[in-house]
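In what follows, a single structure is set out as structure tokens and then discussed.
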Amino acid sequence: GGIITQTPKFLIGQEGQKLTLKCQQNFNHDTMYWYRQDSGKGLRLIYYSITENDLQKGDLSEGYDASREKKSSFSLTVTSAQKNEMAVFLCASSMGLGAETLYFGSGTRLTVL
Amino acid sequence: GEQVEQRPPHLSVREGDSAVIICTYTDPNSYYFFWYKQEPGAGLQLLMKVFSSTEINEGQGFTVLLNKKDKQLSLNLTAAHPGDSAVYFCAVRDSGGSNAKLTFGKGTKLSVKS
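Taken in order, these protein sequences are the chains called Y and L.
Each residue of the first sequence is one higher than the last, beginning at 1449 in the working numbering.
Each residue of the second sequence is one higher than the last, beginning at 297 in the working numbering.
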């Protein structure tokens, strides 16, 4: 089996700060995703990458940048942290699209002071 | 775009009782359906995935029903136990090959009391 590792588990930043979240997978999956999870709102897609060097915007991309440095890693940058951005950010990967299962990391909890 | 409504948001049952979570979707082209389980402090784990062609799918201790006519997907836990306590999410995707977007429901927090 494989694993998705998200770092850090907890991230505390100041309002206006630029913050980076990292994700690594060893499934050798092509597609990777960043989701934001807010209590009572489900998961919302921020960015995804179908393959290395690909980047696609999701529904919630404003205020974020993403980078697929290599097949196994996908990072997310909060360009200017805001207090209403406090949430859990989940990284996931899948072999492809369609029927493919998403495998999730355990998340990065962001707190903005 | 696709909208997925999941209910109830919270569900509390006693050990041995059944528990039912329902998702209603809007896009008639939806083809792949997923149920995920999230335990505290963890990511989501796949419980079951179903395809548009199959209406009843059984897992260990649960059944997933797909009613395409009413655009409804349900998760039925037949005899809940405390280890089932978690947040459950449904997710829906259409058959378009280039569409990576899974639309998630807002989740149901299930508490099973012994």
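Glycine included, C-beta positions come from ideal geometry on N, C-alpha and C.
To the nearest angstrom, how far is it from the Cα of residue i to the Cα of residue j?
i       : j       : result
L:A338  : L:Y384  : 12 Å
L:V397  : L:D313  : With the sequence shown as reference, residue 397 of chain L is identified as Lys, and Val is not the correct amino acid for it. Going by the C-alpha atoms only, they are around 34 Å apart.
L:L340  : Y:F1537 : 12 Å
L:S326  : L:K364  : 9 Å
L:K345  : Y:A1535 : 27 Å
Y:Y1495 : Y:N1501 : 13 Å
L:Q283  : L:A315  : Since the first and last residues shown for chain L are 297 and 410, residue 283 of chain L lies out of range.
Y:S1510 : L:S308  : Before going further, note that residue 1510 of chain Y is Glu rather than Ser in the sequence given. The alpha-carbon atoms of Y:E1510 and L:S308 are separated by roughly 37 Å.
Once DSSP output is grouped into helix, strand and coil, what is the label at residue i?
i       : result
Y:E1533 : helix
L:D380  : helix
Y:N1501 : coil
Y:G1506 : coil
L:K397  : coil
Y:T1455 : strand
Y:K1470 : strand
Y:A1547 : coil
Y:D1486 : strand
Y:T1559 : strand
L:K365  : coil
Taking DSSP's pairing of strands, which residues face residue i in a bridge?
i       : result
L:D390  : L:S326
L:E301  : L:T320
L:Q356  : L:Q356 pairs with nothing; no bridge assigned.
Y:A1540 : Y:Y1481 and Y:F1552
Which residue marks the beginning of the beta strand (DSSP E) containing residue i, and which one marks its end?
i       : result
Y:H1477 : Premise fails: Y:H1477 is in no beta strand (DSSP E) and is neither H nor E.
Y:E1463 : No beta strand (DSSP E) holds Y:E1463; DSSP gives it neither H nor E.
L:S370  : Q368 to L373
Y:A1514 : Y1512 to K1518
L:K345  : L340 to F347
Y:S1523 : S1521 to V1526
L:L307  : H306 to R310
L:L406  : T404 to K409
Of all the options the options, which has the alpha carbon lying nearest to the alpha carbon of residue i?
i       : options                               : result
Y:L1508 : Y:R1492, Y:K1519, Y:T1468 and Y:G1461 : Y:R1492
L:E354  : L:N372, L:V300 and L:E298             : L:N372
L:P336  : L:R389, L:F347, L:A387 and L:D380     : L:D380
L:Q368  : L:Q334, L:T322 and L:K405             : L:T322
L:V408  : L:S349, L:D366, L:R310 and L:E351     : L:R310
Y:G1449 : Y:G1546, Y:Q1462 and Y:H1477          : Y:H1477
Y:L1561 : Y:S1528, Y:I1498, Y:D1513 and Y:G1490 : Y:S1528
L:Q299  : L:Q334, L:C319 and L:S410             : L:C319
Y:S1541 : Y:G1464, Y:D1486, Y:P1456 and Y:S1497 : Y:S1497
Y:S1515 : Y:G1488, Y:T1479, Y:K1531 and Y:E1548 : Y:T1479
L:K333  : Y:C1471, Y:K1518, Y:L1550 and Y:L1558 : Y:L1550
L:G297  : L:L406, L:P324 and L:H306             : L:P324
Check whether the Cβ of residue i sits closer than 6 Å to any heavy atom of the ligand FMN, and report yes or no.
i      : result
L:V300 : The ligand FMN is absent from the structure shown, which contains no ligands of any kind.
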